[in-house]
Structure formats: C-alpha cells, structure tokens
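**Student:** First, the structure itself, so that you have it in front of you.
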Amino acid sequence: MKRSLSAVLACAALALAVLPACKTMSSDELKGSIEIVDYVSVWVDKYYQPWPQRLILVPQISFRVKNVGAKPLTYVNFNAVYQFKGDPENFGDAFMAAIRGKAIPPGGTSDVIVLKSNLGVEGKNLAGIRDNPEWKQAFVRLFAISKGSTPVLLGVYDVSRDIAFKEPEPVEPKK
C-alpha cells in the first residue's frame with residue numbers, strides 16, 4: 001500500500017511539474033505573439049492552357065512570422081480569406097498548417113509562409129484578365145489558430161495587382 005501511494009504521489013508531482021509547460025496559448029496570447037513581416041502579394045497562374053486559350057489567375061500572399069511574445073510559437077495554422085473590395089462575399093481562401101515541429105523561439109522569425117487562393121479570375125490570356133471587370137482590387141483577411149485558441153484576425157492586407165505570370169512567346173511556323 002505504501003509503495004503504490006508513493007508511486008501515485010510521484011506521478012502527481014510529475015504531472016504538476018509538466019502541465020504548466022503544456023498549457024496552450026489563449027487567443028489573446030497568440031495574437032500578441034505574432035508580428036507579420038516581409039508581406040508580399042501577387043497574382044499567380046493556377047491554370048494555363050495555350051490552345052484553346054484559357055488562363056486562371058489567383059492571389060497569393062507570402063510572409064514571415066516574427067515571435068514577439070515570451071513563449072515559443074508552435075503548432076500554428078494560418079487561414080487567408082480573399083475578397084474583392086465592395087463585394088460582400090469571399091472569392092477564395094487558403095489554409096496551411098505552417099508552424100509545426102520546429103518552434104519559433106521568442107524574437108525568432110519563421111521561414112516564408114505562402115498562401116495561394118483556391119479560386120481567382122478567369123480569362124483567355126493576360127489581356128483578357130486585365131480587361132475582365134471581375135478582376136477588381138482585392139484584400140485578404142489573415143487568421144491564425146493554435147491549440148487551445150479560436151481563430152485570431154492578424155490583419156487585413158491589400159492584394160497587389162502585380163501578376164507573376166508571363167505567357168509563352170508564340171511559336172512561329174517553320175519555313
């Protein structure tokens with residue numbers, strides 16, 4: 001009986017020592033620990049077909065996370081929700097489980113995180129996209145979530161109208 005009581009007390013002491021380190025971050029702690037740096041936005045090709053001509057461009061953002069909090073950041077997921085200005089509905093989104101096994105220590109910065117929308121704008125070619133009235137100024141709402149937190153809005157960012165796609169040169173017939 002004495003031996004089992006000692007084992008139970010040892011397990012309880014170990015649990016009390018370890019549990020504070022396993023405490024999850026609250027939503028407020030998560031938001032206060034993340035600073036978005038090196039933000040870049042661009043439109044990229046999702047699909048290109050030279051004949052018959054078809055091009056789908058989608059917005060893509062990239063950024064790094066700087067840990068400005070006191071605890072290491074780990075198991076952080078990001079969700080980007082894309083929307084055209086003036087439209088009430090979202091037109092695309094992207095989700096990524098970005099910060100996983102390697103925690104970002106306080107003061108540290110993550111690798112580049114890229115979130116590419118699942119939907120975008122369609123046209124026959126670049127000129128068709130640029131002339132498409134559906135291709136308007138867009139913005140993205142960036143959320144983070146970690147174990148124990150609810151989704152936290154990190155910020156609302158404009159999406160540039162820069163296009164990182166170049167159509168191939170037409171092939172000339174052989175003479």
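For the sequence shown, my numbering assigns the number 1 to the initial residue and increments by one for each residue that follows.
Backbone N, C-alpha and C fix where the C-beta goes; we use that ideal spot for every residue, glycine too.
(1) Just to check my reading of the structure: Lys-124 and Leu-55 have Cβ atoms closer than 8 Å, yes? What is that Cβ distance to the nearest angstrom?
(2) Throw me the rounded Cβ distance for the Leu-126 and Ala-80 pair, which I believe falls under 8 Å.
(3) Tell me the DSSP secondary structure of Ser-32 in three-state form.
(4) Got a sec? Which residues, its chain only, sit under 7 Å from Thr-150 by beta carbon, not counting five neighbours each side?
(5) If you compare alpha carbons, which of Gln-49, Ser-146 and Val-159 is closest to Asp-93?
(6) With distances taken between CB atoms, is the gap from Arg-64 to Ser-117 smaller than 8 Å?
(7) On a Cα-Cα basis, can you pick out the residue from Gln-83, Asp-45 and Phe-91 that is closest to Ile-189?
**Tutor:** In short:
(1) 7 Å
(2) That pair is no contact at about 24 Å.
(3) It is worth fixing the name first, because residue 32 is Gly in this sequence and not Ser. Gly-32 falls in the helix class under three-state DSSP.
(4) Ser-27
(5) Val-159
(6) no
(7) Given that the chain is displayed from residue 1 to residue 175, the structure contains no residue 189 and the question cannot be resolved.
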